[in-house]
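This report refers to the structure that appears directly beneath it.
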Amino acid sequence: MFSFPTPSVYQSSKCSVTYGQMSHISPTNTTTAASATTEDESPRRPEKGKPWTAILAQDFIHSIDLVLPEESYEILQSDVLGNLVPPPSFRVTMPLAKIFDHAFYLDYIKSGKLTMYLDRETYERAGLVGEPHGVKGKREGKPRWKMKIDFLKASSATKVAIQPSSSPTLITSSPSFEGLLQELASCDKLEFEETAADLYEWFSLVRLDSPRVEFGDEIDPYLSRYEVPRSSDGAQTCKLRRVTWKGFMSATWARTALAEIVASLPFKSWLVFSATSFSKGTTARDNAECTFFRPPSSGGQYILWEVRRDV
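Residues in the sequence shown are numbered consecutively from 1091, following my numbering.
In structure tokens form, the structure reads like this:
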């Protein structure tokens, strides 16, 4: 369990790491799995045990990053990634009072519930009945109010299509994954935490397009002392691809996407799959981020990082 410094008065973060093994996944029809909008329509996918329960515990997700070697990307590009289209989402920008407008209600609301988390100023101006949300008496926390309104399903006027975007090939200095699983199986707790933290840092820098992981980076050590982990025998060159989905996605779709990707890639390939959910500050205790790593030739073994934001 890693503890990070409190980034603001609204939340604190903790990261838990799991090293485990998942069961075999059989490939299914990707088009059917990706386009299904309900559990009844979607094919059976693993739901029990990690990493699946960790992903399903996510709230709505705003971005998903997939990092993998160039040769693995070419395998997925035509058969899998092109068919992984999230269900359509809708976005609307309007004053709060407009939600209750008769015309909008009749035109766009069909079935469902509206849940709103408001700060004190907005709550007082809204004039609606709600209840305090979050831990009471936490001085550094910002008070919030939660309101639930029974509607028929809320929709909106602007359709947002989510399509995966692929970054150009990244030529990076890559950690050596050779012998990683053998080391993890025999290391103690402290060594495991250090290895997991180093790998997570490298994955995060790749997702940020940081120049620190570019091959041949020669920044002054006075400005940065970062070194690629597990590169004591010399840095390796690796061509990577990062595929990103941004928008409004459910945890169920993210689970299906990961299962399809894992089932379609050869066992010798490694991949990193990271899902980041919308932040609610002090309003909930949900996963803020879930990162899955399958090492090469792992036989189903994986490492999972879960970043939670405490109330």
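By construction, the Cβ of each residue, glycine as well, lies at the ideal position given by its N, Cα and C atoms.
Open item on the list: To the nearest angstrom, how far is the alpha carbon of Glu-1281 from that of Val-1170?
Closed with: So the alpha carbons of these two residues sit roughly 36 angstroms apart.
Open item on the list: Per DSSP, what are the beta-bridge partners of Met-1237 in this structure?
Closed with: According to DSSP, which records beta bridges pairwise, Met-1237 is partnered with Met-1206.
Task: Check whether Ile-1115 and Trp-1335 have beta carbons under 7 angstroms apart - done: By the CB criterion at 7 angstroms, Ile-1115 and Trp-1335 fall outside the cutoff.
TODO: Look at the alpha carbon of Ser-1387 and the alpha carbon of His-1223, and state the distance between them as a whole number of angstroms.
DONE: Roughly 46 angstroms between the two C-alpha positions.
Task: Straight-line Cα distance separating Lys-1236 from Glu-1211 - done: Cα to Cα, the separation comes out at about 13 angstroms.
Open item on the list: Strictly by DSSP, which residues pair up with Val-1397?
Closed with: Bridge partners of Val-1397 according to DSSP: Cys-1105 and Glu-1379.
- [ ] Decide if Met-1339 is buried, meaning its Cβ has at least 16 other Cβ atoms within 10 Å, or exposed.
- [x] The residue in question, Met-1339, is buried, as its Cβ has 16 or more Cβ neighbours within 10 Å.
- [ ] To the nearest angstrom, report how far apart Glu-1164 and Leu-1298 are at their CA atoms.
- [x] As the crow flies, the alpha-carbon of Glu-1164 is around 22 angstroms from that of Leu-1298.
TODO: Consult DSSP for Gly-1110 and reduce its assignment to one of helix, strand or coil.
DONE: In the structure shown, Gly-1110 adopts extended strand secondary structure according to DSSP, grouped into three states.
Open item on the list: Let me check understanding here. Comparing Cα to Cα, which of Gly-1337, Tyr-1290, Glu-1308 and Glu-1396 lies closest to Pro-1319?
Closed with: Sorting Gly-1337, Tyr-1290, Glu-1308 and Glu-1396 by C-alpha distance to the C-alpha of Pro-1319 places Tyr-1290 at the top.
Task: Nearest-angstrom beta carbon gap, Glu-1160 and Leu-1330 [assumed within contact, 8 angstroms] - done: With 8 angstroms as the limit, Leu-1330 and Glu-1160 qualify as a contact, their Cβ atoms being about 7 angstroms apart.
TODO: Determine the burial state of Glu-1379: buried for a count of at least 16 other Cβ atoms within 10 Å of its Cβ, exposed for fewer.
DONE: That one is buried.
Task: Thr-1183 versus Leu-1146: straight-line alpha-carbon distance, rounded - done: Near 28 angstroms, if we compare the C-alpha coordinates of Leu-1146 and Thr-1183.
Open item on the list: Tell me which residue opens and which closes the beta strand (DSSP E) that Thr-1366 is part of.
Closed with: Per DSSP, the continuous beta strand (DSSP E) segment holding Thr-1366 begins and ends at 1361-1367.
- [ ] Return the CA-CA distance between Thr-1108 and Asp-1288, expressed in angstroms with no decimal places.
- [x] So the two alpha carbons sit approximately 15 angstroms from each other.
- [ ] Classify Arg-1384 as helix, strand or coil using the three-state DSSP reduction.
- [x] In the structure shown, Arg-1384 sits in a strand (DSSP, three-state: E or B).
Open item on the list: Is it buried or exposed, Pro-1176, if we count other Cβ atoms within 10 angstroms and call 16 or more buried?
Closed with: Counting Cβ neighbours within 10 Å, Pro-1176 comes out buried, since at least 16 surround it.
Task: Three-way DSSP call (helix, strand, coil) for Glu-1221 in this model - done: Per DSSP, reduced to three states, the secondary structure at Glu-1221 is strand.
Open item on the list: Between Phe-1382, Arg-1315, Tyr-1316 and Ser-1314, which has its C-alpha nearest Ala-1347's C-alpha?
Closed with: Taking Ala-1347 as reference, the option from Phe-1382, Arg-1315, Tyr-1316 and Ser-1314 with the minimal CA-CA separation is Phe-1382.
Open item on the list: Within the continuous beta strand (DSSP E) that includes Asp-1155, where are the two ends?
Closed with: Segment 1151-1159, the beta strand (DSSP E) holding Asp-1155.
- [ ] Tell me whether the beta-carbon of Lys-1140 lies closer than 7 angstroms to the beta-carbon of Leu-1394.
- [x] Contact flag set, yes.
Task: Per-residue burial, Phe-1357 [other beta carbons within 10 Å of its own, 16 or more giving buried] - done: So Phe-1357 counts as exposed.
Task: Separation of Thr-1143 from Leu-1208, as counted between CA atoms - done: Whole-angstrom Cα-Cα distance: 29 angstroms.
TODO: Locate the alpha helix (DSSP H) running through Arg-1297, then write down its first and last residues.
DONE: Counting along the chain, Arg-1297 sits inside the alpha helix (DSSP H) bounded by residues 1279-1297.
Open item on the list: Can you tell me whether Pro-1097 is helix, strand or coil according to DSSP?
Closed with: A caution first: Pro-1097 carries a pLDDT of 47, below 50, which makes its placement in the model too unreliable to give a value.
Open item on the list: Suppose you measure from the CA of Tyr-1392 to the CA of Val-1303; what does that come to, to the nearest Å?
Closed with: Roughly 23 angstroms separates the two Cα atoms.
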